[in-house]
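Undergrad: Quick one: the structure is below, and I'll ask about it shortly.
Numbering (the numbering used here), first residue to last: -17 to 42.
Right under this line is the structure:
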């Protein structure tokens, strides 16, 4: 299992690619501000943790 940090995530195509490659994802953290992209992502992958604006993130 892997942890993923996706910056400028869009519609979370990274999650789709990992699923297609058979990679098991433990945690997927997404930074995205476009409300339509976030809505689509949450509809398709409700387990993704949406973190909002990449410039306001705490990366410590």
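Beta carbons are placed, not taken as given, at the ideal position from N, Cα and C, and that holds for glycine.
Am I right that residue -9 and residue 14 are in contact with their C-beta atoms under 8 Å? What's the rounded C-beta distance?
TA: Indexing the chain shown from 1 puts residue -9 at position 9. Indexing the chain shown from 1 puts residue 14 at position 32. Contact flag correct, Cβ pair sits at about 4 Å.
Undergrad: Is the Cβ of residue 35 closer than 8 Å to any Cβ of chain D?
TA: The displayed structure is made up of one protein chain only, and chain D is not part of it.
Undergrad: Secondary structure at residue 38, three-state DSSP: helix, strand or coil?
TA: Position 56 of the chain shown, counting from 1, holds the residue named residue 38. Note: residue 38 maps to helix in three-state DSSP.
Undergrad: Starting from residue 7 and walking both ways along the alpha helix (DSSP H), at which residues does that stretch end?
TA: Sequence index remark: in the chain shown, residue 7 carries index 25 (1-based). Note, residue 7: premise wrong, no alpha helix (DSSP H); beta strand (DSSP E) at 7 to 13.
Undergrad: Only counting the same chain, and skipping five residues up and downstream in sequence, which positions put a Cβ closer than 7 Å to that of residue -13?
TA: Taking the chain shown and counting its residues from 1, the one referred to as residue -13 is at position 5. The answer, listed in chain order, is 11.
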